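First up is the structure itself, then whatever we jot down about it.
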Amino acid sequence: MDIKILERRENKLLNREEVYAIANHRGEPTPKREDIKKKVAAMIGKSEDLIVVLKIISSYGLQRSKVILHVYNSKEDMMKVEPKYILKRNKIIQ
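Take the position in the sequence shown, starting the count at 1, then add 71; the result is the number in my numbering.
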């Protein structure tokens with residue numbers, strides 16, 4: 072799987088960066104959130120703990136997925152802004 076970042080938007084109001092990417096996974100299933108977080112963290116130089124995968128949108132037959140991520144400056148900002156169900160999906164809270 073390889074990931075290409077399409078766009079990075081800074082959201083100063085919420086102290087986060089919104090990242091839009093495409094994950095190519097030819098011959099593989101849709102990538103897991105943990106795998107996407109690891110790859111994006113290595114690409115942008117942030118900790119995996121500060122990244123939230125919001126959506127993974129797969130297109131039928133294309134073997135690639137659109138990915139929307141939020142990258143926060145601090146864990147406190149993330150806990151204030153993100154809904155609990157998103158934090159549970161990303162295994163940040165139980």
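For glycine and all other residues, C-beta sits at the position ideal for the given N, C-alpha and C.
No experiment lies behind these values; they were computed from the predicted model shown.
{"Query": "C-beta contact flag for M149 and Y143 at 7 angstroms", "Result": "yes"}
{"Query": "Contact check, K108 vs I122, beta carbons under 7 angstroms", "Result": "yes"}
{"Query": "Pairwise C-alpha distance: I164 and P16", "Result": "Residue 16 is absent from the structure shown; the chain starts at 72 and stops at 165."}
{"Query": "Bridge partner(s) assigned by DSSP for D73", "Result": "N95"}
{"Query": "Which residues DSSP lists as bridging S136, in chain order", "Result": "A94, S129"}
{"Query": "Opening and closing residue of the alpha helix (DSSP H) in which I157 lies", "Result": "155 to 160"}
{"Query": "Host alpha helix (DSSP H) of K83 (start-end)", "Result": "From DSSP, K83 is part of no alpha helix (DSSP H); its letter is neither H nor E."}
{"Query": "8 angstroms contact criterion, which R160 and A94 should meet: CB distance rounded", "Result": "That belief does not hold up - the Cβ atoms of R160 and A94 are roughly 17 angstroms apart, past 8 angstroms."}
{"Query": "Beta-carbon proximity check, L85 vs V152, cutoff 7 angstroms", "Result": "yes"}
{"Query": "Backbone CA spacing between K110 and Y131 [nearest angstrom]", "Result": "23 angstroms"}
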